[in-house]
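Visitor:
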Amino acid sequence: MLPSKALEQRLQTAVLAVLPEADVTTVLVRPCQDTKFGDYQTSALMALAKARKMNPRQLATDVLAKLDVSDLCAKTDIAGAGFLNFFLKPEVLQDTLLGAVQGKHLFFAKAEQPKTVVIDFSSPNVAKPMHVGHIRSTILGDSLARAFRLLGHNVITDNHIGDWGTQFGMLLLGWKTMLDKAALETDPIAELERIYKQLSADCKADESKLEAAKQELVKLQAGDEENLGIWREMIALSQNQFDTIYGRLGVKFDHVLGESFYNPRLKSVVEELKTKGIAKESDGAICVFSDGSVPQKEDPFLIQRDGEWNANPCLIQKSDGAANYATTDLATLEYRLETWSPDKIIYVTDGRQQLHFRQVFSVFRRWRPEVKVQVEHVWFGAILGDDGKPFKTRSGDTVKLSDLLDEAEERSFKTVNEKSADLDEVTRKEIARVVGIGSVKYQDLMPNRQSDYVFSWDKMLALNGNTAPYLLYAYTRIRSIFRKAAEQGVVVAPGATIHLKAADELALAKQLLNFGFVLEGLVDECRPNYMCNYLYDLAGLYARFFENCPVLKAEEPERSSRLLLCEVTAKVLKQGLEVLGIETTEKM
RNA sequence: GCACUUGUAGCUCAACUGGAUAGAGCGUCUGACUACGGAUCAGAAGGUUCCAGGUUCAACUCCUGGCAGGUGCACCA
0 MLPSKALEQR LQTAVLAVLP EADVTTVLVR PCQDTKFGDY QTSALMALAK
50 ARKMNPRQLA TDVLAKLDVS DLCAKTDIAG AGFLNFFLKP EVLQDTLLGA
100 VQGKHLFFAK AEQPKTVVID FSSPNVAKPM HVGHIRSTIL GDSLARAFRL
150 LGHNVITDNH IGDWGTQFGM LLLGWKTMLD KAALETDPIA ELERIYKQLS
200 ADCKADESKL EAAKQELVKL QAGDEENLGI WREMIALSQN QFDTIYGRLG
250 VKFDHVLGES FYNPRLKSVV EELKTKGIAK ESDGAICVFS DGSVPQKEDP
300 FLIQRDGEWN ANPCLIQKSD GAANYATTDL ATLEYRLETW SPDKIIYVTD
350 GRQQLHFRQV FSVFRRWRPE VKVQVEHVWF GAILGDDGKP FKTRSGDTVK
400 LSDLLDEAEE RSFKTVNEKS ADLDEVTRKE IARVVGIGSV KYQDLMPNRQ
450 SDYVFSWDKM LALNGNTAPY LLYAYTRIRS IFRKAAEQGV VVAPGATIHL
500 KAADELALAK QLLNFGFVLE GLVDECRPNY MCNYLYDLAG LYARFFENCP
550 VLKAEEPERS SRLLLCEVTA KVLKQGLEVL GIETTEKM
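Numbering-wise (numbering that gives the first Met the number 0), the first sequence opens with residue 0 and increments by one.
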């Protein structure tokens, strides 16, 4: 067991011995912010003391009296207002590192109670190019899936693609009247986009076109064979595009169930909500109104206008009888519950949909009060251009994801050519791919997901600072040592152990032990930026070690000890980057 | 108007259940150097954490009230 976990368990037992009625789930052991205080600390005793009007230092003393950690710690002390600090024995630290070398663990423990987690992300639209708007959902969702999986949870990723809706009326009419077959052959998505834009403009100018488009939609919805065939072909063409992009990004889905998949369920969802008295008719539409169960301020079905609270209903059926977004989401929820019995469902979308999800979740709770599933909207902010407005091309169009990835690789290739002209072209291209794609991902994951960020090629590809190239470089420097070692015939001595003496060695080692805390934090709050910050710190600590502690030039047994430390650092860096969906490269 | 959200160094961003002296990069200034990969490292300067109250042993973090930006608010998803 990891020393921090063992400490935590024993601490909780000791607290129970002193305060039998205490809730010890909040009694957690964390790494010390500043290692001068110790290696691990708990600040939970102060909170417990406060709730009981006890003297916090006295409580800490009492708990310490019941706590035997002499096999793990060289020292414990009570500091400040009632912090309990733990100083790990050097041999415990060293054995833990050695355990990682031997592949027994990588500084984290799998979840004791694995959960089934459905993650809904990316959700591109059929017949439209994937653009920057899809990047955050795709990359964030993929990273969350990777982190949950690593901790042993049963993850189901589901791409809820937009394959149904009013836009197909125009697409179908366009397909029949203005399709350029040759253009469809060379670039299907561009051609679909063209006919959609053209018809959309035509419909605005010409009522009869709009009517014709509506008729096509009605035919599709009624199951017209010709229209269904065209619709299926549009989906297939789009799926090719999605597959190409996801392939480049290294993103995989367990399921791709578009909106249309839930069509057969929509009617019964509406009926059930009506029967249960949750939804009712209003202005021809079927809506869910407030049930007054929460304070007005927190009620997603109320809104204040001119000092008065007005209804802000959630529509589940339009006055024309068609279902809408909320209905599909409810049907989707129902399907997921039936099919996978998840403990948790995560929706990764942009922040503008907060109200929508609050409403959907609220309707769901009223509809299925007995279901325990945890539903969570993990939202994110916008990607902005230099001007502080949503990121667009110079001409004002949305930036296509494929173009963006191309440019990332091209720019990265330029740098590789400058810095590593000696490598052959295939290798240089491959490095450029890893660094380019990795940089786009890292820039996206590094900021707090809820804040908007400014897209910058220069920053994301910078060789210094909290960027993918910096981390990848740190990794290649480690790999380089091992290449050099092999050239010189240097190997780790059989049975070698790790002995940490230098301050930079110790600091690096302790950071390695914290990997698990970061993973758990990431999963708890769905914030991959925790991992970014951790890896950046790790790379910085490694750089200092690298500068001040010679490895190959050291005498045995120090050389083997340091080689092992390098090896574990590389493992953690690689694993951490993998959680972010970023590949590594041996050379740069 | 109401809700959500953001406001931290000149700029871009961090800050782990409320926790110990608020940290990085860029930019500015200074240093290390034929280097286990310099795509590096070390150091300096730079802060009333938007403002005003409150809770607490302890507040960037929680509460109340302002100010400023972003987003959303009935038949688009």
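For every residue, glycine included, the Cβ atom is placed at its ideal position computed from N, Cα and C.
#1: How big is the Cα-Cα spacing for D405 and E577?
#2: Where DSSP assigns a beta bridge to T156, which residues make up the other side?
#3: Using only alpha-carbon positions, find the residue among D349, N532, E333 that is nearest to V362.
#4: Does the contact criterion of 3 or more C-beta pairs under 8 angstroms hold for the segment 427-442 versus the segment 461-474?
#5: Is the number of C-beta pairs between the segment 138-146 and the segment 184-193 that are closer than 8 angstroms three or more?
#6: In chain order, what residues of the same chain have a beta carbon less than 7 angstroms from the beta carbon of P446, not counting five sequence neighbours either side?
#7: Does the distance from the C-beta atom of T156 to that of I118 stay below 7 angstroms?
#8: Between which two residues does the alpha helix (DSSP H) harbouring W596 extend?
#9: Could I get the ranges of all uninterrupted alpha helix (DSSP H) runs contained in the segment 224-281, with 4 residues as the minimum, in chain order?
#10: Whole angstroms are fine: how far does the CA of A212 sit from the CA of L172?
#11: When the Cα atoms are used, what is the spatial distance from S401 to G380?
#12: So, helix, strand or coil for V490, using DSSP?
#13: Considering only residues of the same chain and omitting the five flanking positions on each side of G435, which have a CB-CB separation below 6 angstroms?
#14: Is F544 near L512, with beta carbons less than 7 angstroms apart?
#15: Just to confirm before moving on: does the CB-CB distance between S237 and A325 stay below 7 angstroms?
#16: For K65, I'd like the list of residues in its chain whose CB is within less than 7 angstroms of its CB, leaving aside the five on either flank, ordered along the chain.
#17: Can you tell me whether DSSP reads Q295 as helix, strand or coil?
#18: How many Å lie between Q11 and V26 at the Cα?
#19: Pick from L71, I480, V28, A21: whose alpha carbon is nearest that of K49?
#20: Pick from D94, A46, W366, L170: whose alpha carbon is nearest that of G228?
#21: Return the first residue and the last residue of the beta strand (DSSP E) that R304 is part of.
#22: By a C-beta neighbour count over all protein chains shown, 10 Å radius and 16 as the cutoff for buried, is Q57 buried or exposed?
#23: Can you give me the C-alpha to C-alpha distance between V217 and P312, rounded to a whole angstrom?
#24: Please state whether the Cβ-Cβ distance between P128 and K399 is less than 7 angstroms.
#25: Using beta-carbon positions only, say whether V91 and L71 come within less than 7 angstroms of one another.
#26: With C-beta atoms as the reference, is V571 less than 7 angstroms away from F516?
#27: Evaluate contact between the segment 76-96 and the segment 491-510, counting only Cβ atoms and requiring at least three cross-stretch pairs below 8 angstroms.
#28: With C-beta atoms as the reference, is A538 less than 7 angstroms away from A461?
#29: Return the Cβ separation of L564 and A484 in integer angstroms, given the expectation that the two are a contact with Cβ distance under 8 angstroms.
#30: Would you be able to state if there are at least three C-beta pairs under 8 angstroms between the segment 284-294 and the segment 180-187?
#31: What separation, rounded to the nearest whole angstrom, lies between the Cα atoms of G257 and F120?
#32: As a quick exercise: from V131, A144, L150, pick the residue whose alpha carbon is nearest that of L105.
#33: Would you decide whether T392 is buried or exposed? Buried here means 16 or more other CB atoms lie within 10 Å of its CB.
#34: Using DSSP with H/G/I as helix, E/B as strand and the rest coil, what is R482?
#35: Runs of 4 residues minimum, wholly inside the segment 410-497: which ones carry the alpha helix (DSSP H) assignment?
#36: Anyone know if the C-beta pair for H152 and V116 falls short of 7 angstroms?
Guide: By the coordinates alone:
#1: The sequence position of residue 405 within the first sequence is 406, counting from 1. The sequence position of residue 577 within the first sequence is 578, counting from 1. The straight-line gap from Cα to Cα measures roughly 22 angstroms.
#2: As a working mapping, residue 156 is identified with position 157 in the first sequence. I118.
#3: Within the first sequence, residue 362 is the residue found at index 363, counting from 1. Measuring from the Cα of V362, the nearest candidate turns out to be E333.
#4: yes
#5: no
#6: In the first sequence, counting from the first residue as 1, residue 446 sits at position 447. The answer, listed in chain order, is Y452, N528.
#7: Within the first sequence, numbered from 1, the residue matching residue 156 stands at position 157. Within the first sequence, numbered from 1, the residue matching residue 118 stands at position 119. Yes, Cβ-Cβ distance for T156 and I118 is below 7 angstroms.
#8: Residue 596 lies beyond the stretch modelled for the chain, which goes from 0 to 587, so this question has no answer here.
#9: 224-248, 262-274
#10: Counting from 1 along the first sequence, the entry for residue 172 is found at position 173. Counting from 1 along the first sequence, the entry for residue 212 is found at position 213. C-alpha separation (whole angstroms): 6 angstroms.
#11: The residue labelled residue 401 in the question sits at position 402 within the first sequence. The residue labelled residue 380 in the question sits at position 381 within the first sequence. For S401 and G380, the distance between alpha carbons rounds to 21 angstroms.
#12: Counting from 1 along the first sequence, the entry for residue 490 is found at position 491. V490: coil per DSSP, three-state reduction.
#13: As a position in the first sequence, residue 435 is number 436, starting the count at 1. Once the five neighbours on either side are set aside, the close Cβ partners of G435 are A407, E408, S411.
#14: Sequence index remark: in the first sequence, residue 544 carries index 545 (1-based). Sequence index remark: in the first sequence, residue 512 carries index 513 (1-based). No, the Cβ-Cβ distance between F544 and L512 is not below 7 angstroms.
#15: To locate residue 237, count along the first sequence from 1; it is residue 238. To locate residue 325, count along the first sequence from 1; it is residue 326. Against a cut-off of 7 angstroms, the Cβ pair of A325 and S237 comes out as no contact.
#16: For the purposes of this step, residue 65 is taken as residue 66 along the first sequence, with counting starting at 1. For K65, where only same-chain residues beyond five positions count, the Cβ hits under 7 angstroms are A13, A16, V17.
#17: For the purposes of this step, residue 295 is taken as the residue at position 296 of the first sequence. Note: Q295 maps to helix in three-state DSSP.
#18: Residue 11 sits at position 12 when you count from the first residue of the first sequence. Residue 26 sits at position 27 when you count from the first residue of the first sequence. Answer to the nearest angstrom: the Cα atoms are 6 angstroms apart.
#19: The residue you call residue 49 lines up with position 50 of the first sequence. Ranking L71, I480, V28, A21 by Cα distance to K49 puts A21 first.
#20: On the first sequence, residue 228 is found 229 positions in, with the first residue counted as 1. The shortest C-alpha separation from G228 is found at L170.
#21: As a working mapping, residue 304 is identified with position 305 in the first sequence. Taken as a continuous stretch (DSSP letters only), the beta strand (DSSP E) holding R304 covers 301-304.
#22: Along the first sequence, read from residue 1 onward, the residue named residue 57 stands at position 58. Its Cβ having fewer than 16 others within 10 Å, Q57 is exposed.
#23: Residue numbering aside, residue 217 sits at position 218 when the first sequence is read from its first letter. Residue numbering aside, residue 312 sits at position 313 when the first sequence is read from its first letter. Those two C-alpha atoms are separated by around 27 angstroms.
#24: Taking the first sequence and counting its residues from 1, the one referred to as residue 128 is at position 129. Taking the first sequence and counting its residues from 1, the one referred to as residue 399 is at position 400. In contact: P128 and K399 (Cβ atoms closer than 7 angstroms).
#25: By 1-based counting over the first sequence, the position of residue 91 is 92. By 1-based counting over the first sequence, the position of residue 71 is 72. Yes.
#26: In the first sequence, the residue the question calls residue 571 occupies position 572. In the first sequence, the residue the question calls residue 516 occupies position 517. Going by C-beta atoms, V571 is not nearer than 7 angstroms to F516.
#27: yes
#28: Counting from one through the first sequence, the residue named residue 538 turns up at place 539. Counting from one through the first sequence, the residue named residue 461 turns up at place 462. Not in contact: A538 and A461 (Cβ atoms no closer than 7 angstroms).
#29: Here the question's residue 564 lines up with position 565 in the first sequence. Here the question's residue 484 lines up with position 485 in the first sequence. Actually they are not in contact, since the Cβ atoms of L564 and A484 sit about 13 angstroms apart, beyond 8 angstroms.
#30: no
#31: Start at 1 with the first residue of the first sequence, and residue 257 comes out as number 258. Start at 1 with the first residue of the first sequence, and residue 120 comes out as number 121. Looking at the two C-alpha atoms, the distance is approximately 12 angstroms.
#32: Residue mapping note: residue 105 aligns to position 106 of the first sequence, counting from 1. For the residues V131, A144, L150, the minimum Cα distance to L105 belongs to L150.
#33: Your numbering for residue 392 matches position 393 in the first sequence. Exposed, by the Cβ-count rule.
#34: Reading the first sequence from its first residue, position 483 is the one you call residue 482. In this structure, R482 counts as helix in the three-state DSSP scheme.
#35: 424-444, 456-459, 467-487
#36: Residue numbering aside, residue 152 sits at position 153 when the first sequence is read from its first letter. Residue numbering aside, residue 116 sits at position 117 when the first sequence is read from its first letter. Contact flag set, yes.
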